[in-house]
Each structure stands twice: as structure tokens, then as C-alpha cells.
Amino acid sequence: MKATAIAPSNIAFIKYWGKTDETLRLPANGSISMNLSNLTTTTTVAFSPEYPQDSLLIDNRNDANEEKRVIAHLDRIREKKGISYKAKVVSMNNFPASTGLSSSASGFAALTVAAAQAAGLKLSEKELSILARRASGSACRSIPSGFVEWKKGDTSETSYATSLYPSDYWDIVDIVVVVSSEKKEISTTKGQTSSTSSPFFPIRLSHMEEKIKKIKIYLATKDFRAFGELIESEALEMHAVMMTSTPPLLYWLPNTVRMMKLVYTWRTEGIPVYFTLNTGQNVHLICQKKDISLLTKKLEEVQEIKQVIINTPAQEARIIDTHLF
Ligand code: PMV
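Right, here's the structure in full:
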């Protein structure tokens, strides 16, 4: 009863911030994302009557913070299958975790797919997406392929993600700029609970459906400029809500702002590039494939950058044959 899965992280163009149900992780609004080819988690899960307790290794370390959340997710899967065997879980990220690169999306998508298979559950993509959502909202979007929509839904059964377009639909690129690998102080899960305390949260919610309609049009017409302008203002709006929540959440570092300003400068020089950010200090630059080498050169000149990770739109979370133990 062992299986291994690889799952991509994803970047949300229209973000999920705030929930209507904490336990079920039902989002306050729908969201739209793209899977990322070069930010992945690989996870092996084995269930066995010989394990006295659940064990978890992430990037070769015991992680007490994540353990509770992982065990709760294993319990969901055990309950679905009607087994009580304990599990061994080994997980490897190919990027720095908990720095705003959505390691919980790739991590919990990989865990869901591997653990369901190891337990002998035969689940559809929809069922896997619903299950992944219970562990981490954004993880439900790493289950389907390419460009993805997570419909808000108002019950657990209606809140899941589906693919809008396959990964080869549009050759846009997400250049992840790591300005610091420091772990964020406030987790996304905790941060989300204070979203409704911002006076701007109701304003945000009132136009989310409109934003989703617009981004779908820009995706359908591949209108990169309109798309870029919308995703950038969407990221700033989410951060405005974060900053005006109680307690306030300020995830940016000085070099985060420097990168955002450089994006503005590069646009005035004629390079179509836009930024988006999640909970963390690192910046996602969204550009078209034709501009990668130009931007990579520009980035090489910025000394403060720790790492650059180039991502193309990626496939879905899936089972692979090579196990981690
Ligand atoms: O799924 P969580 O709890 O890690 O929340 C993700 C929140 C954002 O990354 C900030 C936005 C998003 O839609 O991915």
C-alpha cells in the first residue's frame, strides 16, 4: 500500500482570500490559477499495519507544525476507505517552502493523490480536488491541468477546481523571483482568518465575480496586456485587504517593493511584464515566452535576488513510479 505523486504549485491570477466555512475550507470567492512547471512537490505515502504511528518527513526534516495538518488529512483518507493503518509520509519540495511560493498547494495536492492511491481509493479528479481543498484551499487547484478555475460553490460537493485550458494553451511564463528564503511569520491559514476584519473586504467581495468574468475573457482572447493589468491590480488589492486587517499582515520586504518598482520601470521601457504576489515576500513576474531572455538578463543585474525560477504552465498532479523510500 505505497504510492508516490508529483504535484505542481500554482499561481492564482484571481486570488482566494477569506473563507465562508473554516472547517470545510469553502472560499469567500472563486479563483483562477495556472499550474507551475518548476515548483513541485513529490510525496510518497505508505499505509501499513506495521507502523506504530504516523510519521512525516518534509525536505528531510520533521516538521511539527505541518504534522497535525497532514495527520488530519490522512484521517480523512483513512475514513473514506475504512482503514486504520498508520502511514509513513516522505515529501520533497524542489523549492524553498513557506516563503510565498504556495508549497501548501503542491504539498497537499501531492499528499492527496499519493495517499488516496496508497489507500486503494479510486477517486475522480473532482473528488480529489474536493479532498485536497479540505487540507489547503489552493491545493484543489493543483489537481486539474494547466489553467484552472476553482468555483466558489456553497457546499463541499460544489466547491472544486476544473481545467479551463490545458498547459500548452498559452505560452506565458511565471518567473519567480526569490528575494529571501526566510519563512513567513504568519501562516496563510492563520492570515486568512482575519480577512473579514478589513474594511475593504466587503468591497473586494462585491466585484470578484466581475473580475472572474473579465479574466476568463482575457484568457479566451489571449489579451496579455489586459490580463497583466488585471492580475497586478488583483494582487495589490488582496494585499491591501491583508494590510488593513486586524492584526495587520504585511508580507513584503524592502526587496519585494524594489522588484515591483522594477517591473514598472521595465514596462516603461516597453517590456510587457506584470507582477503578482501571494502570502510572502517573493515576487512572481508574469511575461510572455518571447521576453524570457530579455528579462533574465535584467534580473541578473539585480544583486539582491537570491534565486530565479522559470515556470511554464504545467500539467496536473499525478502518480509516478519512483518512490522516495
Ligand atoms: O490555500 P492556502 O490556505 O495556502 O491560501 C492561498 C492564498 C493565496 O496564495 C494568497 C491566494 C491563492 O489563491 O493562492
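For the sequence shown, the positions run 142 to 466 when the numbering used here is used.
From the three backbone atoms N, C-alpha and C, an ideal C-beta is built for every residue, glycine too.
Because the structure is a prediction, the values reported are computed rather than measured.
{"Asked": "Do Asp315 and Leu426 have their C-beta atoms within less than 9 Å of each other?", "Found": "yes"}
{"Asked": "In terms of alpha-carbon separation, which member of Lys355, Leu197, Gln333 lies closest to Glu375?", "Found": "Lys355"}
{"Asked": "Using the Cβ count rule (16 or more neighbours within 10 Å means buried), how would you classify Ser283?", "Found": "buried"}
{"Asked": "Whole angstroms is fine: what's the gap from Arg275's alpha carbon to Leu403's?", "Found": "38 Å"}
{"Asked": "Going by DSSP in three states, Val231 sits in which element: helix, strand or coil?", "Found": "strand"}
{"Asked": "Does Gly278 pass the burial test, meaning 16 or more other C-beta atoms within 10 Å, or should it be called exposed?", "Found": "buried"}
{"Asked": "For the alpha helix (DSSP H) that Lys324 lies in, which residues bound it at each end?", "Found": "That residue, Lys324, is in no alpha helix (DSSP H); it is neither H nor E in DSSP."}
{"Asked": "CB of Trp158 to nearest heavy atom of the ligand PMV: below 8 Å?", "Found": "yes"}
{"Asked": "Given a threshold of 16 other Cβ atoms within 10 Å of its Cβ, counted over all protein chains shown, does Ala156 qualify as buried or as exposed?", "Found": "Note on identity: in this sequence residue 156 is Lys, with Ala being the wrong assignment. Buried: at least 16 other Cβ atoms inside 10 Å."}
{"Asked": "Should Ile271 and Glu298 be called a contact, given that it needs their Cβ atoms to be closer than 9 Å?", "Found": "yes"}
{"Asked": "What is the DSSP secondary structure of Val398, counted as helix, strand or coil?", "Found": "helix"}
{"Asked": "Whose C-beta lies closer than 8 Å to the C-beta of Cys428 among residues of the same chain, with five residues either side of it excluded?", "Found": "Ile313, Val314, Ile316, Ile412, Pro413, Val414, Tyr415, Leu436"}
{"Asked": "Within the continuous alpha helix (DSSP H) that includes Asp216, where are the two ends?", "Found": "205-222"}
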